[in-house]
Amino acid sequence: MSRNKYVHKTIGGVKKRIHRHIVEEYIGRPLKENEHVYHINGNSADNSLDNLQIIVKKLRENHVEH
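Here the sequence shown stands for residues 24 to 89, numbered as in the working numbering.
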């Protein structure tokens, strides 16, 4: 478990947060850069599918003001 209380697992030589891995396996693809996994009940140790939800965050666009 990391300092931020997320459980990690090494998969294929890559350390991944287990909640992200569970969701990726369920949806059949890697999560996109703007997709985050939210623990509905606030318990980061509860990685059951019914407690995990994909949240899509807008990617920041870099604008230069003229």
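All C-beta atoms, glycine included, are put in the ideal place defined by N, C-alpha and C.
Three-state secondary structure (DSSP) of residue i
i      : result
Val-46 : helix
Leu-72 : helix
Gly-35 : coil
Ile-63 : coil
Ser-25 : With a pLDDT of 47 at Ser-25, under the threshold of 50, the modelled position of this residue cannot be trusted; read the value that follows with caution. Three-state result, Ser-25: coil.
CB contact flag (residue i, residue j, <9 Å)
i      : j      : result
Ser-71 : Tyr-29 : no
His-77 : Leu-54 : As written in the sequence, residue 77 is Ile, which differs from the His given in the question. Going by C-beta atoms, Ile-77 is nearer than 9 Å to Leu-54.
His-59 : Asp-69 : no
Residue i versus the options, residue with shortest Cα-Cα distance
i      : options                           : result
Lys-80 : Asn-64, Arg-40, Glu-56 and His-31 : Glu-56
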